[in-house]
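Here's the structure we're looking at; comments come further down.
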Amino acid sequence: MKFSIPKITWVASAVLLGLPTLAWGDSRPDAKLMQDYNDSQFCAALLQQLGGADNERKAALALAHAKNLAPAAGDTTAEAFNAAYHDTTLILGMVDEKEMKQFTQFCLNRW
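Per the working numbering, the sequence shown runs over residues 1 to 111.
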């Protein structure tokens, strides 16, 4: 079976970002909180990668927001947060050009 990069990206994104929310059930935070947490981490990494003073400032805001959400999202230690953030940064390397443009626009508008 042949997989395209966008399909692999989608699968990786679903596994790393979406499926843990389903697996946690009622004892874990709701999907909206998890989406906010994951988006904040992703935007922090993306904006950091883009560079520039304004993007660095936005990245710091996004990262601070993610750190504030971390305990409610289940990442109650620095190690857990760092592992989640690391996983998020790995996704950046799998995103195709079209998705990267969409994510970049989303992050620039949000922060």
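Don't be surprised by glycine CBs; every beta carbon is placed ideally from N, CA and C.
Integer Cβ distance of residue i from residue j, believed to fall under 8 Å
i	j	result
T77	A45	Rounded, the Cβ-Cβ distance is 20 Å, inconsistent with contact.
L47	A59	4 Å
L108	Q49	Actually they do not touch by this definition, with Cβ atoms about 13 Å apart.
Distance between residue j and residue i (C-alpha atoms, nearest Å)
i	j	result
K67	F81	7 Å
W111	F103	12 Å
Y85	K98	23 Å
N55	E79	25 Å
M94	A62	21 Å
G51	A83	22 Å
M100	C43	11 Å
CA nearest to the CA of residue i, picked from the options
i	options	result
A64	A53, G52, Q41 and A83	Q41
Is the number of C-beta pairs between the segment 29 to 39 and the segment 62 to 78 that are closer than 8 Å three or more?
yes
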